[in-house]
Structure formats: structure tokens, C-alpha cells
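Engineer: Heads up: the sequence shown is residues 1 to 465, going by my numbering.
If you scroll down you'll find the structure; I have some questions about it.
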Amino acid sequence: MTQQQTWSQRFESALHPTIARFNASIHFDIELIEYDLTGSVAHAKMLAKCGIISSEEGEQLVTGLEQIRQEYRQGNFNPGVDSEDVHFAVEHRLVEIVGDVGKKLHTGRSRNDQVGTDTRLYLRAQIQQIQSLIREFQTVLVDIAEQNVETLIPGYTHLQRAQPLSLAHHLLAYFQMTQRDWERLGDVYRRVNISPLGCGALAGTTFPIDRHYSAQLLHFDKVYDNSLDGVSDRDFAIEFLSAASLIMVHLSRLSEEVILWSSEEFGFVTLKDSCATGSSIMPQKKNPDVPELVRGKTGRVFGHLQAMLVMMKGLPLAYNKDLQEDKEGLFDAVNTVKACLAAMTILLREGLEFCDRRLATAVASDFSNATDVADYLAARGVPFREAYNLVGKVVKTSIAAGKLLKDLSLSEWKELHPKFENDIYEAISPRQVVAARNSYGGTGFEQVTKALQAARDQIKSVNRE
Ligand code: ARG
Numbered sequence: 001m002t003q004q005q006t007w008s009q010r011f012e013s014a015l016h017p018t019i020a021r022f023n024a025s026i027h028f029d030i031e032l033i034e035y036d037l038t039g040s041v042a043h044a045k046m047l048a049k050c051g052i053i054s055s056e057e058g059e060q061l062v063t064g065l066e067q068i069r070q071e072y073r074q075g076n077f078n079p080g081v082d083s084e085d086v087h088f089a090v091e092h093r094l095v096e097i098v099g100d101v102g103k104k105l106h107t108g109r110s111r112n113d114q115v116g117t118d119t120r121l122y123l124r125a126q127i128q129q130i131q132s133l134i135r136e137f138q139t140v141l142v143d144i145a146e147q148n149v150e151t152l153i154p155g156y157t158h159l160q161r162a163q164p165l166s167l168a169h170h171l172l173a174y175f176q177m178t179q180r181d182w183e184r185l186g187d188v189y190r191r192v193n194i195s196p197l198g199c200g201a202l203a204g205t206t207f208p209i210d211r212h213y214s215a216q217l218l219h220f221d222k223v224y225d226n227s228l229d230g231v232s233d234r235d236f237a238i239e240f241l242s243a244a245s246l247i248m249v250h251l252s253r254l255s256e257e258v259i260l261w262s263s264e265e266f267g268f269v270t271l272k273d274s275c276a277t278g279s280s281i282m283p284q285k286k287n288p289d290v291p292e293l294v295r296g297k298t299g300r301v302f303g304h305l306q307a308m309l310v311m312m313k314g315l316p317l318a319y320n321k322d323l324q325e326d327k328e329g330l331f332d333a334v335n336t337v338k339a340c341l342a343a344m345t346i347l348l349r350e351g352l353e354f355c356d357r358r359l360a361t362a363v364a365s366d367f368s369n370a371t372d373v374a375d376y377l378a379a380r381g382v383p384f385r386e387a388y389n390l391v392g393k394v395v396k397t398s399i400a401a402g403k404l405l406k407d408l409s410l411s412e413w414k415e416l417h418p419k420f421e422n423d424i425y426e427a428i429s430p431r432q433v434v435a436a437r438n439s440y441g442g443t444g445f446e447q448v449t450k451a452l453q454a455a456r457d458q459i460k461s462v463n464r465e
């Protein structure tokens, strides 16, 4: 089938072959074919129900469309650039299969509402898959957290040792981030799941169609109320890309931590062979390629968000061909997020080993218990700021003397302030420093145990909530 035949009789000559290739989207929008077929089946059924075509014709269309689905699944439907896009490709094949009745399929719709429908059906399915991948990631995260409630890890601000933490608390921070991601996707879903089908080219149609019926067949929650908006809205895709970007931010931050932790300087984790790679020249190397790639891939998802925003900002209503550019970035963002979630889940599940001894040494050999000394005095009536200044002084003299706070004798403590008693040693032991932070949402073991249970409960809730 040539381009001339695709379009109306007003065209006298075919497209220049380079322009045909430039114009075509079939090489990427073939990704939408299953959704295109599903959308067309619903449209055909609606046309029959409304008496716009006969029910026999409706059945012929549906049978033909399902045959195309089989052909595609068996690898026997591979439309080329001649078809321009997936919508024309399907329509042409349908006419080949069912004859002239196939030409009735496009009654009362346009490729503009059709492509909008396909993209929403695609994204709806992808959102559900991504939500499931988030759940798998969270499950592994919580499993590891559960085994490490009492494992201590230095906590940082400004990448300087700050206060020790329960490792579970640290990991559960990522549970919270991805929980927001999961919820955000559910929220985006609500605005993805609106049917533009039947908006026509831009103004609706002269046929007595039933948009609510086709929407219902496709399990859309509702229909677009304005046909111009229906064919030209891509907010839902931008919202998705924004949610996808935040998922990548979270995965990238975790990746950065894993990369740091696996360095010799930190030494908090070792990478297992199944998730690490070697160097082609330095035989001693074991590289954290998985988190590095996740961190590296984050930029392209941000880029797709930016590209879509810029593409949209100057578009007059309604459809413009610019909108064909919405797909590749969207597909790539979906594929990237899915691949990164899957890889990070495997990395967590079987690629990391926390080095308990190194972690224990780390939290016992710094001044990250200094706040607790100040808190000790403040709890005994000394104004916090005064206590804080006092401890600053003792940290300074201890560093000069090559000592840690735990190395001070009781008389040295008492010299500093008479309120110090023998229980100061227990108060500044790393375990107690962590346990004592029992305020709501804090790292105290009691809080962390509750947070673990809450996380488990949240994981149980199903998609889209
Ligand atoms: N391939 C087109 C796209 O992806 C389909 C819609 C074409 N509509 C049109 N008026 N040319 O946007």
C-alpha cells in the first residue's frame, strides 16, 4: 500500500522516500500494537452497539483485529515504513483480511484520539508493572532491614560522621521514598485512565457514538469532557515522567551510597560476584557497575521529562505532529525505570554483604556520640547550649590527646562537670546512643521495629491505592 492510497484523493504523488521515513513512527509505535488492537476492538463494538455499523460487520472487524493480534504474536506481522504508523498498519492489514468492511473501522474516530487512547492503555499497564516492581524492591529492602535492626552504621550529614544509626532505619528511609513513588504512580494512574476515544480529530463526530460505552469496554474510569483537550492533552505523560524521575532520584541516591559503601575507604559492604564486574587491566578490581549504571541512567529519564515539557509548551490546540515525539522518551523512561528497579532488587537480594565487623568498628571509633554527652547533661538540668559548648571543648582536647570520649576517666568527666556519673559510659556506647533515640520516627530499636511492621503492612496493599 502506498502513501497515496493511505491519504485522500487530493494527493497526487507519493511522499519523498526520505520524508516518508522522517514522517513515519512505525519503527517505535509498533510497541503500541496490542493496545491499538484492543482500542479498535472496543471502537468496533461501540459502532455496532450504536447501529452505526451492523452487528455482523462489528463481529467481522473484531475477528479481523484479533487475527492481526495472533499474526503479530507469532511474528508474522511486521509492517514497514510504507504504513507510516501502527494505526495505518493495522487498518491496512484489516482491509486485507476482512475486505471492504475493514474500511468502516475508522468511522467516528481519528488517529488523534486513537493514538491518545493507545498511549493511555500502554501507560496504564506499565504503571501497574512498575508498581509491582516497586513492591518487590520494597520486600527485599524490608527483609534486609529486618535482619539488621541491631546492626549499627554511621549516620552522616554533609558526609561527615554525625550520629550512629540502626542499619534497618537507614534502609527503611528508602522504603519511605519508594512508598511515595508507589502512591504517586497510583495518583498519576487516575489521570492516565481517562478515555479520549471518540474525541475525533479535534471536535467530536457527527455520528451518534457512545463514548462512555467504549470507555467502559476499555476499563477507563471516565472520558475526556472536552474533545480538544482530549486529543491534545499529554499532562498524564508528563506526570508519569515526573514520577519516573523521582523513582530514579531515589534509586540513584541508594546507588551512590552502595558505591561509597563498597569502596575501600568505607568498606561497609562487599559486592558479591553475581553483581560485580572486574577490570580488563587491574586484576584486583571489583566494580559496582549495577549501581553506577542506575545512577548513570537517571539522567536520561530526567531528559525525557524535560523534552516532553518543552515539546508541549508552545503547541496551539489541538493535535500537532509534534505530539508524535511523545512516545520514544516515554517508552525509554518506562523501560529504564523497570530495568533499574529489577537490577537494584537483585543487587539488594543477592549482591551485597554488609561487613558487620567493619561497621561495628566504625561506629565505635568516632565522636558521633558527642551529642549524647550534651544530651546527658541537658537531661540533668544543664541548659543544652551550655552543655553543647562544654562538649565541643572536650572533643577538641580529646582529638589533641588522640583519645575518644569513651577513653576519658570519670575524674576527667567530673572535672568537666560535676553532674557526670559512671553511667556516662553506658550513655555514650554506640548501641545506647542508637537505642536512646526513641522519639517517633527515630532510629531507636523500638521505633525501628514498629516501622518495620508498618512497612510490611503497607507492602500488602494492592496496586493503585
Ligand atoms: N503517528 C501519529 C502520532 O504518533 C498518530 C496521529 C497522527 N495524526 C495526524 N493528524 N497526523 O502522533
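In this text, a Cβ means the ideal position worked out from N, Cα and C, and glycines have one as well.
Within 8 Å: the Cβ of ASP29 and any heavy atom of the ligand PLP?
Structural biologist: Absent from the structure shown: the ligand PLP. Ligands present: the ligand ARG.
Engineer: Ends of the alpha helix (DSSP H) at GLU71?
Structural biologist: In the sequence shown, residue 71 corresponds to position 71, counting from 1. Counting along the chain, the alpha helix (DSSP H) containing GLU71 begins and ends at 55 to 73.
Engineer: Between the region 117 to 124 and the region 37 to 44, are three or more C-beta pairs nearer than 8 Å?
Structural biologist: Judged by Cβ distances under 8 Å, the region 117 to 124 makes contact with the region 37 to 44, as three or more pairs qualify.
Engineer: Is the closest heavy atom of the ligand ARG to the C-beta of HIS234 under 8 Å?
Structural biologist: One-based indexing of the sequence shown puts residue 234 at position 234. Per the sequence shown, the amino acid found at residue 234 is Arg instead of His. No, Cβ of ARG234 sits at least 8 Å from all heavy atoms of the ligand ARG.
Engineer: By how many angstroms is the C-alpha of ALA276 removed from the C-alpha of ASN287?
Structural biologist: What you label residue 287 is simply residue 287 of the sequence shown in a count that begins at 1. What you label residue 276 is simply residue 276 of the sequence shown in a count that begins at 1. Roughly 6 Å between the two C-alpha positions.
Engineer: On a Cα-Cα basis, can you pick out the residue from LEU410, LEU152, PHE28 that is closest to GLN432?
Structural biologist: In the sequence shown, residue 432 corresponds to position 432, counting from 1. GLN432 has its Cα closest to that of LEU152, out of LEU410, LEU152, PHE28.
Engineer: Give me whichever residues DSSP pairs with PRO291 in a beta bridge.
Structural biologist: Position 291 of the sequence shown holds residue 291. According to DSSP, PRO291 bridges with nothing at all.
Engineer: If you count every other CB in all the chains shown that lies within 10 Å of the CB of MET312, and 16 or more means buried, which is it?
Structural biologist: What you label residue 312 is simply residue 312 of the sequence shown in a count that begins at 1. By the 10 Å Cβ count, MET312 comes out buried.
Engineer: Using the beta-carbon count (16 or more within 10 Å), is ASN422 buried or exposed?
Structural biologist: Taking the sequence shown and counting its residues from 1, the one referred to as residue 422 is at position 422. Exposed, by the Cβ-count rule.
Engineer: Quick one: residues in its chain with C-beta nearer than 6 Å to the C-beta of GLU197, no 5 flanking neighbours on either side, listed in chain order?
Structural biologist: As a first step, residue 197 is located in the sequence shown; it is residue number 197 there, counting from the start. What sits at residue 197 in the sequence shown is Leu, not Glu. The answer, listed in chain order, is ASP113, THR117, SER214.
Engineer: Taking only three categories from DSSP, how would you classify TYR156?
Structural biologist: Numbered from 1 along the sequence shown, position 156 holds the residue referred to as residue 156. Strand at TYR156.
Engineer: What distance in whole Å lies between the Cβ atoms of VAL391 and ALA374, which are believed to be in contact at a cut-off of 8 Å?
Structural biologist: Within the sequence shown, numbered from 1, the residue matching residue 374 stands at position 374. Within the sequence shown, numbered from 1, the residue matching residue 391 stands at position 391. Correct: roughly 5 Å between the Cβ atoms.
Engineer: Between the Cα of GLU325 and the Cα atoms of GLU12, ARG10, PHE28, which residue gives the shortest distance?
Structural biologist: Here residue 325 is taken as the residue at index 325 of the sequence shown, counted from 1. Closest by alpha carbon: PHE28.
Engineer: Below 8 Å, can you find three or more Cβ-Cβ pairs linking the region 40 to 59 to the region 223 to 235?
Structural biologist: No, they do not touch.
Engineer: May I ask you to check if the CB of LEU323 is nearer than 8 Å to at least one heavy atom of the ligand ARG?
Structural biologist: As a position in the sequence shown, residue 323 is number 323, starting the count at 1. Because some heavy atom of the ligand ARG lies under 8 Å away, the Cβ of LEU323 counts as near it: yes.
Engineer: Does the ligand ARG have a heavy atom nearer than 8 Å to the CB of ASP85?
Structural biologist: The residue you call residue 85 lines up with position 85 of the sequence shown. Yes - the ligand ARG has a heavy atom lying nearer than 8 Å to the Cβ of ASP85.
Engineer: With distances taken between CB atoms, is the gap from TYR174 to HIS250 smaller than 9 Å?
Structural biologist: Counting from 1 along the sequence shown, the entry for residue 174 is found at position 174. Counting from 1 along the sequence shown, the entry for residue 250 is found at position 250. Cβ atoms of TYR174 and HIS250: closer than 9 Å.
Engineer: Helix, strand or coil, according to DSSP, for PHE445 in the structure here?
Structural biologist: Your numbering for residue 445 matches position 445 in the sequence shown. Helix.
Engineer: Just to check, is the beta-carbon of ALA201 closer than 8 Å to a non-hydrogen atom of the ligand ARG?
Structural biologist: The residue you call residue 201 lines up with position 201 of the sequence shown. Yes.
Engineer: Is THR2 helix, strand or coil by DSSP?
Structural biologist: Within the sequence shown, the letter at position 2 stands for residue 2. Note that THR2 scores 46 on pLDDT, short of 50, meaning its location in the model is unreliable; the coordinates nonetheless yield the value given after this. Reduced to three states, the DSSP call for THR2 is coil.
Engineer: Any heavy atom of the ligand ARG closer than 8 Å to the beta-carbon of ARG111?
Structural biologist: For the purposes of this step, residue 111 is taken as the residue at position 111 of the sequence shown. Because some heavy atom of the ligand ARG lies under 8 Å away, the Cβ of ARG111 counts as near it: yes.
Engineer: For LYS272, which residues of its own chain have a beta-carbon under 8 Å away from its beta-carbon, when the five flanking residues on both sides are left out?
Structural biologist: For the purposes of this step, residue 272 is taken as the residue at position 272 of the sequence shown. Around LYS272: GLU350, GLY351, LEU352, GLU353.
Engineer: Can you look up LEU352 in the DSSP assignment and give me helix, strand or coil?
Structural biologist: Start at 1 with the first residue of the sequence shown, and residue 352 comes out as number 352. If DSSP states are grouped into helix, strand and coil, LEU352 belongs with the strands.
Engineer: Alpha carbon to alpha carbon, how far is MET344 from CYS355? Give it in angstroms, no decimals.
Structural biologist: Within the sequence shown, residue 355 is the residue found at index 355, counting from 1. Within the sequence shown, residue 344 is the residue found at index 344, counting from 1. Using only the alpha carbons, I get a separation of about 19 Å.
Engineer: Whole-angstrom Cβ separation of ASP289 and ILE247, contact assumed at under 8 Å?
Structural biologist: Walking along the sequence shown from the start, residue 289 turns up at place 289. Walking along the sequence shown from the start, residue 247 turns up at place 247. Rounded, the Cβ-Cβ distance is 20 Å, inconsistent with contact.
Engineer: Can you find the residues in the same chain that come closer than 8 Å, C-beta to C-beta, to LEU323, ignoring five residues on each side of it along the sequence?
Structural biologist: For the purposes of this step, residue 323 is taken as residue 323 along the sequence shown, with counting starting at 1. If we look at LEU323 and ignore the five residues flanking it on each side, its Cβ neighbours are VAL115, SER232, ARG234, MET311, LEU315.
Engineer: For GLN9, count neighbouring Cβ atoms within 10 angstroms of its own Cβ and tell me buried if that reaches 16, exposed if not.
Structural biologist: Translated into positions along the sequence shown, residue 9 becomes position 9. GLN9 comes out exposed.
Engineer: Since LEU271 sits in a beta bridge, which residues does DSSP pair it with?
Structural biologist: Translated into positions along the sequence shown, residue 271 becomes position 271. Looking at the DSSP assignment, LEU271 forms a beta bridge with LEU352.
Engineer: Using a Cβ-based criterion (distance less than 8 Å to any ligand heavy atom), does SER25 qualify as near the ligand ARG?
Structural biologist: Within the sequence shown, numbered from 1, the residue matching residue 25 stands at position 25. Within the cutoff, so yes.
Engineer: Quick check: the Cα distance between SER409 and TYR425, rounded to an integer number of angstroms?
Structural biologist: Position 409 of the sequence shown holds residue 409. Position 425 of the sequence shown holds residue 425. When rounded, the distance between both Cα atoms is 10 Å.
Engineer: Measure the alpha-carbon distance for ARG161 versus SER245 and round it to whole angstroms.
Structural biologist: In the sequence shown, counting from the first residue as 1, residue 161 sits at position 161. In the sequence shown, counting from the first residue as 1, residue 245 sits at position 245. If you take the alpha carbons of ARG161 and SER245, they lie about 29 Å apart.
Engineer: Within the same chain, show all residues whose beta-carbon is closer than 6 Å to that of PRO430, passing over the 5 residues directly before and after it, in chain order.
Structural biologist: Here residue 430 refers to the residue found at position 430 of the sequence shown. Around PRO430: LEU152, PRO164, VAL363, ALA364.
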